[in-house]
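Residue numbers (the UniProt record's numbering): 1 to 76.
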C-alpha cells in the first residue's frame, strides 16, 4: 500500500509540476523532490495503518533504535 500510494502521489505531484512549467524538478530542486517523495511514502503508510486499526501511540520499539540503551555506558 505504501509503494502504490507513493507512486500515485508522486505521479500526481511531478505531473502537476511539469504542467506548471517545472519540467525537471528533481534536477532543479533535489531537496524539495526528496521531501515530497518521503512525504508520499509516509502519508499512505500512516493512512493504511490507521485504517487497519493500529494505535497512534508510539511503542518502545519505535522510539528507540535497535541496540541503543537508555543507560549511559561507563568506560571500564
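Every residue gets a Cβ at the ideal spot worked out from N, C-alpha and C, and that includes glycine.
In this text the structure is predicted, and so the values were computed from the model without any measurement.
Check: Exposed or buried, which one is residue 36 when buried takes at least 16 other CB atoms within 10 Å?
Finding: Within the chain shown, numbered from 1, the residue matching residue 36 stands at position 36. Counting Cβ neighbours within 10 Å, residue 36 comes out buried, since at least 16 surround it.
Checklist line | Test item: CB-CB of residue 6 and residue 44 under 8 Å | finding: Position 6 of the chain shown, counted from the start, is the residue given in the question as residue 6. Position 44 of the chain shown, counted from the start, is the residue given in the question as residue 44. In this structure, residue 44 lies closer than 8 Å to residue 6 by Cβ.
Notebook entry, point to check: Between residue 20 and residue 33, which are expected to be in contact by the criterion C-beta below 8 Å, what is the C-beta distance as a whole number of angstroms?
Noted result: Translated into the one-based positions of the chain shown, residue 20 becomes position 20. Translated into the one-based positions of the chain shown, residue 33 becomes position 33. No, residue 20 and residue 33 are not in contact; Cβ-Cβ is about 14 Å, not under 8 Å.
Checklist line | First through last residue of the alpha helix (DSSP H) which encompasses residue 23 | finding: In the chain shown, residue 23 corresponds to position 23, counting from 1. No alpha helix (DSSP H) holds residue 23; DSSP gives it neither H nor E.
Check: Alpha carbon to alpha carbon, how far is residue 1 from residue 54?
Finding: To locate residue 1, count along the chain shown from 1; it is residue 1. To locate residue 54, count along the chain shown from 1; it is residue 54. The alpha-carbon atoms of residue 1 and residue 54 are separated by roughly 15 Å.
Check: Helix, strand or coil for residue 50 per DSSP?
Finding: Here residue 50 is taken as the residue at index 50 of the chain shown, counted from 1. Residue state, collapsed to three classes: helix.
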